[in-house]
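In full-length UniProt numbering, the protein residues as written are 1 to 529. Below is one structure, written out as structure tokens; comments come after it.
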Amino acid sequence: MDAIDTAPDSWDQEDDGEAQVDEQLNKDFSTSLNVDAKPFVPNVHAAEFIPTFRPKGSTETAEPAGPDADANVEVSEAEAPPVENGDAEMAAGDTWEQKGSEPSQAEAEPGGDGGQAEEDSPQEEGMEEEEEVVPTPKVVPTQPNAPKKEHVNVVFIGHVDAGKSTIGGQIMYLTGMVDKRTLEKYEREAKEKNRETWYLSWALDTNQEERDKGKTVEVGRAYFETEKKHFTILDAPGHKSFVPNMIGGASQADLAVLVISARKGEFETGFEKGGQTREHAMLAKTAGVKHLIVLVNKMDDPTVNWSLERGLPFIPHLDSLPNFNRSSDGPVRLPIVDKYKDMGTVILGKLESGSISKAQQLVMMPNRHTVEVLSLLSDDVETDDASPGENLKLRLKGIEEEEILPGFILCNAENLCHTGRTFDAQIVIIEHKSIICPGYNAVLHIHTCIEEVQITALICLVDKKTGDKSKTRPRFVKQDQVCIARLRTAGTICLETFKDFPQMGRFTLRDEGKTIAIGKVLKLVAEKD
1 MDAIDTAPDS WDQEDDGEAQ VDEQLNKDFS TSLNVDAKPF VPNVHAAEFI PTFRPKGSTE
61 TAEPAGPDAD ANVEVSEAEA PPVENGDAEM AAGDTWEQKG SEPSQAEAEP GGDGGQAEED
121 SPQEEGMEEE EEVVPTPKVV PTQPNAPKKE HVNVVFIGHV DAGKSTIGGQ IMYLTGMVDK
181 RTLEKYEREA KEKNRETWYL SWALDTNQEE RDKGKTVEVG RAYFETEKKH FTILDAPGHK
241 SFVPNMIGGA SQADLAVLVI SARKGEFETG FEKGGQTREH AMLAKTAGVK HLIVLVNKMD
301 DPTVNWSLER GLPFIPHLDS LPNFNRSSDG PVRLPIVDKY KDMGTVILGK LESGSISKAQ
361 QLVMMPNRHT VEVLSLLSDD VETDDASPGE NLKLRLKGIE EEEILPGFIL CNAENLCHTG
421 RTFDAQIVII EHKSIICPGY NAVLHIHTCI EEVQITALIC LVDKKTGDKS KTRPRFVKQD
481 QVCIARLRTA GTICLETFKD FPQMGRFTLR DEGKTIAIGK VLKLVAEKD
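Structural data, given as structure tokens:
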């Protein structure tokens, strides 16, 4: 312990003790301390170091470290020049390196108070970082008393390289969901890889493979808010190899934005046979998307003769859309998109109908597990209850993560969804070179479920114009024909008739990387014992 901090043995010795301390200090300062040494400056942006004591002979104003010293630090902090571009993290990193590698001026001098400098420097840096680093929240939590905004899922679809991810990144920047510093970081990183025009898309393409190739693979997800609505962006992949992922994104969407490139050559490629513009629009309709907005991109290209007339900008147009009709009083239906372990079993999905609250008892179909909702997050914000249209993360009790598959449905016990393997459906053959006969196998996409399916029987043909059904059973169907067929899946799935619950009664049939047919469930067929 320092002599100056030691209490005297008795009050009679106090004066003698002070005299001894003063004499000792004067002796130390006169022999070993360089009073004219430069002040210790650990960082160009840090406050000037003020020693906790000085010789009494040299100044009357110096006080031991206390409230005044803190005030001096604050004044110096205010006078310090601001960090260029707000890069406080770099400044902090430089400071620690300097302290580790370069001996300070005060430490170099014999008797220098290096230990005190080591203590003060991190405090000053901490104050500086607190002042300058203000992280932008990704999702703004709503006030408890504020009315909930309507949740709308927007899926960006269209041909590969139309600019879907870039538009999504631009919207996030304009609505304040991505701060300028983050975008500058993306721009620097993209420039290093000679991808400087792609930096906006990196806000949604977080995967390294997606960034390297400039192609979205998984469905990107982000949020933004307007005055009236809360939007979730679902950035679907445009490449034909990843259409199944796009179908999964579209099945959760209320609204689709079809992005079309106006650049000559790209526009035509998207609409030609094999182009994704036409297929994505059809798949969005099949997935149950109610509204489609066509967004023409790349109009700054010299090949585009654009008009000077202007309508409502894109974001205000989204805000002006009418509210969606949702069934909050209906049965609980939550198709599961994904699941993972995080201090329990967590599932992700969009609530299609009904409402869910914390501690509610629900049933997982088709395996009929009774589960309890432990916690409820709506777009990463914790809440006590959720209404239809919201994207939810639910932590469940009573089921293991391995027992859940995408395509399972969370229901209330009073009104379970239907399950089965065999059903009758009306299907439209979109694209198939040869004929389709009973025994044909394909991949079924229905809500968030993907399952192998076989056409076991063709029941009748349906006239496209009149809707009349043929009286004889067809032996085959071909492209552009409409028929009613019986289908059987490889495993038990959750489904409803289109008439009762459209979102769980629409489906797509795909084979060899192409969309073969679209259809709707007409009747569920009971299994024979």
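A virtual CB, placed ideally from N, CA and C, is assigned to each residue, including glycine.
Beta-bridge pairing of residue i - partner residues as DSSP gives them
{"i": "His418", "result": "Answer is none; His418 lacks a bridge partner."}
{"i": "Gly361", "result": "Per the sequence shown, residue 361 should be read as Gln rather than Gly. In DSSP, Gln361 forms a bridge with Glu372."}
{"i": "His445", "result": "Ile450 and Thr508"}
{"i": "Asn412", "result": "Asn415"}
{"i": "Arg395", "result": "Val346 and Ser375"}
{"i": "Gln426", "result": "Ile484 and Lys520"}
{"i": "Ser353", "result": "Arg333"}
{"i": "His151", "result": "His230"}
{"i": "Val477", "result": "Ile436"}
{"i": "Asp385", "result": "Ser357"}
{"i": "Phe501", "result": "Answer is none; Phe501 lacks a bridge partner."}
{"i": "Thr182", "result": "Answer is none; Thr182 lacks a bridge partner."}
{"i": "Leu461", "result": "Cys483"}
{"i": "Phe224", "result": "Phe231"}
{"i": "Thr515", "result": "Arg510"}
{"i": "Lys469", "result": "Val462"}
Residue i - containing alpha helix (DSSP H), residue span
{"i": "Cys276", "result": "Residue identity check: residue 276 is Gln in the sequence provided, not Cys. Residues Gln276 to Thr286."}
{"i": "Pro316", "result": "Phe314 to Asp319"}
{"i": "Gly270", "result": "Glu266 to Phe271"}
Proximity below 7 angstroms, CB of residue i to CB of residue j
{"i": "Thr419", "j": "Pro366", "result": "yes"}
{"i": "Val152", "j": "Leu255", "result": "yes"}
{"i": "Val462", "j": "Val477", "result": "no"}
{"i": "Asn391", "j": "Thr175", "result": "no"}
{"i": "Val304", "j": "Leu258", "result": "no"}
{"i": "Gly505", "j": "Thr492", "result": "no"}
{"i": "Asp342", "j": "Tyr223", "result": "no"}
{"i": "Ile399", "j": "Val373", "result": "no"}
{"i": "Ser353", "j": "Pro388", "result": "yes"}
{"i": "Leu394", "j": "Leu416", "result": "no"}
{"i": "Leu495", "j": "Ile446", "result": "yes"}
{"i": "Asp422", "j": "Val525", "result": "Position check: residue 422 holds Thr in this sequence, whereas Asp was assumed. Yes, these two residues count as a Cβ contact at 7 angstroms."}
{"i": "Ile427", "j": "Ala517", "result": "yes"}
{"i": "Gly519", "j": "Ala425", "result": "yes"}
{"i": "Cys411", "j": "Val521", "result": "no"}
{"i": "Arg486", "j": "Thr466", "result": "no"}
{"i": "Lys149", "j": "His280", "result": "no"}
{"i": "Thr182", "j": "Thr508", "result": "no"}
Boundaries of the beta strand (DSSP E) in which residue i is found, first to last residue
{"i": "Leu292", "result": "His291 to Asn297"}
{"i": "Ile493", "result": "Val482 to Cys494"}
{"i": "Tyr173", "result": "Per DSSP, Tyr173 belongs to no beta strand (DSSP E); it is in the alpha helix (DSSP H), Lys164 to Leu174."}
{"i": "Asp338", "result": "Arg333 to Lys341"}
Same chain only: Cβ atoms within 8 angstroms of residue i, ignoring 5 sequence neighbours per side
{"i": "Gly270", "result": "Gly158, His159, Ala162, Ile260, Ser261, Gln276, Thr277 and Arg278"}
{"i": "Pro141", "result": "Since pLDDT at Pro141 reaches only 48, below the 50 mark, its modelled position is unreliable, and no value is offered."}
{"i": "Lys290", "result": "Asp254, Leu255 and Phe324"}
{"i": "Ala284", "result": "Val155, Ile157, Ala250, Ala253, Ala256, Leu258 and Leu292"}
{"i": "Gly344", "result": "Leu374, Arg395, Leu396 and Lys397"}
{"i": "Gly227", "result": "Before going on, a small fix: residue 227 reads as Glu here, not Gly. Only Asp319 meet the Cβ criterion."}
{"i": "His369", "result": "Val363, Gly398, Ile399 and Glu403"}
{"i": "Ile435", "result": "Phe476, Val477 and Lys478"}
{"i": "Glu451", "result": "Gly407, Val443, Leu444, Thr489, Ala490, Gly491 and Ile493"}
{"i": "Arg310", "result": "none"}
{"i": "Ile315", "result": "Ile171, Leu174, Thr175 and Thr226"}
{"i": "Asp266", "result": "Here residue 266 turns out to be Glu, not Asp, going by the sequence shown. His159, Asp161, Ala162 and Lys298, listed in sequence order."}
{"i": "Ser328", "result": "Ser353, Gly354, Ser355, Ser387 and Pro388"}
Same chain only: Cβ atoms within 6 angstroms of residue i, ignoring 5 sequence neighbours per side
{"i": "Cys437", "result": "Phe476"}
{"i": "Lys471", "result": "none"}
{"i": "Ile404", "result": "Lys339"}
{"i": "Val296", "result": "Ile260 and Ala262"}
{"i": "Asn441", "result": "Gln454"}
{"i": "Pro335", "result": "Gly349, Ile409, His447 and Thr448"}
{"i": "Gln479", "result": "Ile429 and His432"}
Nonlocal neighbours in the same chain, by C-beta distance under 7 angstroms from residue i, ignoring five residues either side
{"i": "Pro502", "result": "Gly288"}
{"i": "Lys514", "result": "Glu431"}
{"i": "Lys264", "result": "Thr303"}
{"i": "Pro144", "result": "A caution first: Pro144 carries a pLDDT of 48, below 50, which makes its placement in the model unreliable, though a value can still be read off. If we look at Pro144 and ignore the five residues flanking it on each side, it has no Cβ neighbours."}
{"i": "Gly330", "result": "Ser353 and Gly354"}
Cβ-heavy atom distance, residue i to the ligand NAP, below 6 angstroms
{"i": "Ile484", "result": "Only the bare structure without any ligand can be found here, which leaves the ligand NAP out of the picture."}
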